[in-house]
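Working notes, beginning with the structure itself.
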Amino acid sequence: MKKITNTPPSLPLPTLERLSALYSVLESAATSGVARLSSRELGRLLGYPAHLVRKDISLLLKYGNSHEGPGEGHRGYAVEGLLALLSRALGLTSKRRACIVGLGRLGTALLHYSEESFPEYEVVAGFDSNTNRLELISTRIPLYPAFRIPEVVMREEIEVGILAVPPEAVETTVERLKAGGIRGLINFTSRPLPPSEGVWVRTISLRAEMRVLSALLTAGNPSQKGDIT
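Position 178, counted from 1, in the sequence shown is what the UniProt record's numbering calls 178; the numbers after and before it change by one each time, with no gaps.
And the structure:
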């Protein structure tokens, strides 16, 4: 059996997840005209302690080899400066090319609202195994039958595949995407995807989140101080 050797990112995954949330908060603040925010204010908006905000930003500066980053100072962090630093760290300085596979209700919704839902990505193709369905969808994005995935992914230099296919179609779909040279997958299906050599996988499961929320509700009220590590 071939050993899977995904190389981890330079920043720890939990830190990346928090920095992604921080980016959303800063983006909203910048849109509202807010110039500076302290670690305490950021922590309140994010729902975790100020010291963790400072720790993450410190790691961010180290990751970027920056000795003159947007320090907090007595008035807080400069929102625009921190956003620029985050953009580089999260690889958001240019749009990545993506495709959506499975154009049922969820896939079609993602197709129609891709610019609003994930503006950092450019969806350049959609795929479905049902060719009749393709003829009924009105969109400016080119649509193809699923068997053409390897060819189109390679030709269009698509990095990310967004999966919205039935569980029984996942294995075939992933193999086709990998054959085209895909580098990352967003999995919206109900089937967990194991790690795959050379491909990053992120699973978004509403059912799993609802189970976690059910467990939290059973445990009682949330702590005011939070419990994030």
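Glycine included, every Cβ here is placed at the ideal spot set by N, Cα and C.
All values reported here derive from a predicted model rather than from experimental measurement.
Item                                                                                                                : Value
Same chain only: Cβ atoms within 8 Å of residue 83, ignoring 5 sequence neighbours per side                         : 23, 26, 27, 30
Cβ distance (whole Å) where residue 146 is taken to contact residue 127 below 8 Å                                   : 5 Å
Cα-Cα separation, residue 161 to residue 60                                                                         : 27 Å
C-beta contact flag for residue 213 and residue 187 at 8 Å                                                          : no
Pair within 8 Å by beta-carbon distance, residue 200 and residue 183                                                : yes
Straight-line Cα distance separating residue 77 from residue 132                                                    : 53 Å
Residue 102 to residue 178 span [Cα, whole Å]                                                                       : 16 Å
Alpha carbon of residue 17 to alpha carbon of residue 204, nearest angstrom                                         : 13 Å
Other residues of its chain near residue 75: CB distance less than 7 Å, five sequence neighbours each side excluded : 36
Backbone CA spacing between residue 181 and residue 93 [nearest angstrom]                                           : 22 Å
Straight-line Cα distance separating residue 110 from residue 144                                                   : 16 Å
In DSSP terms, what residue 194 is bridged to                                                                       : Paired residue(s): none; residue 194 is not in a bridge.
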